[in-house]
Amino acid sequence: MPRASARARNLVAALELARRNRKPVVMMKVGRSQLGGAAAQSHTASIAGDDAVTQAVLDEFGVVRARTTEEMLDIAYAASRRIYPARNTLGVLTVSGGAGVLISDAAEAAGIAMPPMPEAAQEKLRALVPFCAPRNPVDCTAQVTNNLPLITEFAESVATDGGYTSILSFWSQTAAGRSVGPSLHQQMRAIRAAHPDRLWVMSMLAPNKTAEYEADGWVCFEDPSRAVTAIAAMGQFGASFAKAEEPRAEVPLPKVVLPETTPSEAVAKALLAEAGVPAVPEHACSDSEAAVAAAAQIGYPVVLKILSPDILHKSEIGGVLLDIANAEQVKQGFATLLDRAWHHAPAARIEGVLVAKQIKGAVEMALGVFRDPVFGPVAMVGLGGIFIEVLKDVSFRRCPFDTTEAERMIRSLRGFPLLDGARGRPKADVAALAKALSALSAFAAAAGPRLAGVDVNPLLVLPEGQGCFAADAVIELAGETH
């Protein structure tokens, strides 16, 4: 595959330099169009528009993508405090229960954790104001305006007992009041000075007080939802800066020699297996007698698949037969597949039938590679089978990358619980999946410009310690059509 364009390499170098020097980058990018033309040849490329690839690059370097100009300015403003929590947790102190719920909703949408206050701390705060709600958000209620020293008690508990890295304090118009405002400001100044390592954010309707709070180091917003978005961005920056400090493992590239023409499934899987993407036990058979012998050696049940370099998506012509349980079914299935291939693709080169072990109890995943015209080879992982194009729950990354990065991609999927033992299922071999994904990225980086794309779908991931196996694979070469 070709290298990234010169502009892409310059962009990547700039983003890497910024991250290494803890310089936050917030970016707006327009356009969500799909890659056209040749991209549609690959299942992987067909679900990866140029916007998805750009987003993957931005994620790789911790760039926060703003949806609006207002959001971009909010994030830049919050970043001026230069406090970037690597593991961001949000504590909320509020005089309004409704505002607390609003903030909680925004935090969940933004992916910020809001752990509850410790039980002992909650009991302590209830002793001060019996009808408060001290879990988190900590609703101290408007009662504190009648006993102003309580403000310090609650704020100190949120900072010390809660231990949150980011603290959002909501006071609405209270901060502007002539009777309460000065004391509130004094106490808030003292609490922030006692914990300067935290990101302190104030949400208030008090334009006349904003400059004073900012001078004390606070980040001020009228809208608490905008405040939450900015807080989330500071955590994204912090996590990326921490990641940049991790030692970077070298990714060795295999020696890859591509065939002269698009390979059949069997050859494609052999090439990938040599690079580190294991395949299910299988045999390519040119006649039914060889197929029967192969099935007996592998063990029933087996899968039969038409074997042709010209029929890449076999299921579309009925070219896959499952649950073949005996020799007679192998013979009948062999004849059926040849008949379907001749009927649907009379000009296709038919090499025979592939006899493969049928694996059950696995999670179906999909791996892929496609050539992005800007950033070069890009790898993908997502749920396998038909779900990849229906749900589009996928993660992308520039090639090559190591197993640590591969596992991050896997864990970022919404469907990851299926691999992590959801609903009593056994945990899948995520380590083996990450190893195969990293190996595929190295294969793509080493293959050169003739490699147009790779689809491994499904990749069957067995329970922990039992590995993963490619059940189907397609390698497409540049300049060829099917």
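Per the numbering used here, the sequence shown starts with residue 4, numbered consecutively. Every residue gets a Cβ at the ideal spot worked out from N, C-alpha and C, and that includes glycine.
Across the set K32, F472 and R12, the C-alpha of F472 shows the shortest separation from the C-alpha of A276.
When C-beta atoms of the stretch 236-249 are compared with those of the stretch 205-212, fewer than three pairs fall below 8 Å, so the two segments do not count as touching. The stretch 314-382 contains, as complete beta strand (DSSP E) runs of 3+ residues, the segments 323-327, 355-360 and 366-375 (chain order).
Taking the CA atoms as reference points, L386 sits about 8 Å from L394. Between F157 and I106, the gap from beta carbon to beta carbon reaches 8 Å or more. Note that the C-beta distance between M75 and V29 is below 8 Å. A direct Cα-to-Cα measurement between D77 and F224 gives close to 9 Å.
Here L416 is near S398, since their CB atoms are less than 8 Å apart.
The beta carbon of I86 sits closer than 6 Å to those of L202, all from its chain and outside the five residues before and after it, given in chain order. Assignment of beta-bridge partners to F472 by DSSP yields L463. In terms of Cβ geometry, A299 and G355 do not form a close pair [threshold 8 Å]. Setting aside the 5 residues that flank it on each side, L128 is surrounded in the same chain by M120, C135, P137, V141, C143, E156, F157 and S160, each with a C-beta closer than 8 Å to its C-beta; the list follows chain order.
Here DSSP, grouped into helix, strand and coil, assigns G220 to coil. Rounded to whole angstroms, the separation of the alpha carbons of V132 and P118 is 21 Å. Around the CB of M31, fewer than 16 other CB atoms lie within 10 Å, so the residue is classed as exposed. Residue pairing by DSSP places H286 opposite V358 in a beta bridge. Exclusion of the five residues before and after D423 leaves K430, A431 and V433 as the residues of its chain whose Cβ lies within less than 8 Å of its Cβ. Shown here for H347: same chain residues with a beta carbon closer than 7 Å to its own, the five before and five after excluded, namely I320 in chain order. Excluding residues up to 5 positions away in sequence, E268, K317, G322, V323, L324, L340, V356, L357, A359 and D475 lie with their Cβ nearer than 8 Å to the Cβ of K308 in the same chain.
Across the set R22, N91 and R192, the C-alpha of R22 shows the shortest separation from the C-alpha of L61. Taking C-beta atoms as the reference points, S99 and S175 count as a pair closer than 8 Å. Exposure of D200 is indicated by the presence of fewer than 16 other C-beta atoms within 10 angstroms of its C-beta.
Under the DSSP assignment, S267 falls outside any beta strand (DSSP E); it carries neither an H nor an E label. Here Q239 really is in contact with V67; their C-beta atoms are around 5 Å apart, less than 8 Å. Taken in chain order, the complete beta strand (DSSP E) segments of 3 residues or longer contained in the stretch 123-206 are 169-175.
By the criterion of a C-beta distance shorter than 7 Å, A442 is surrounded in its chain by A278, G279 and V280, once the five residues flanking it on both sides are discounted. Sequence-distant partners of E215 (beyond 5 residues in either direction) whose C-beta falls short of 7 Å from its own C-beta, in its chain, are H188. Around the CB of S182, fewer than 16 other CB atoms lie within 10 Å, so the residue is classed as exposed. Three or more beta-carbon pairs separated by less than 8 Å are not found between the stretch 7-19 and the stretch 225-235, which leaves the two stretches without contact.
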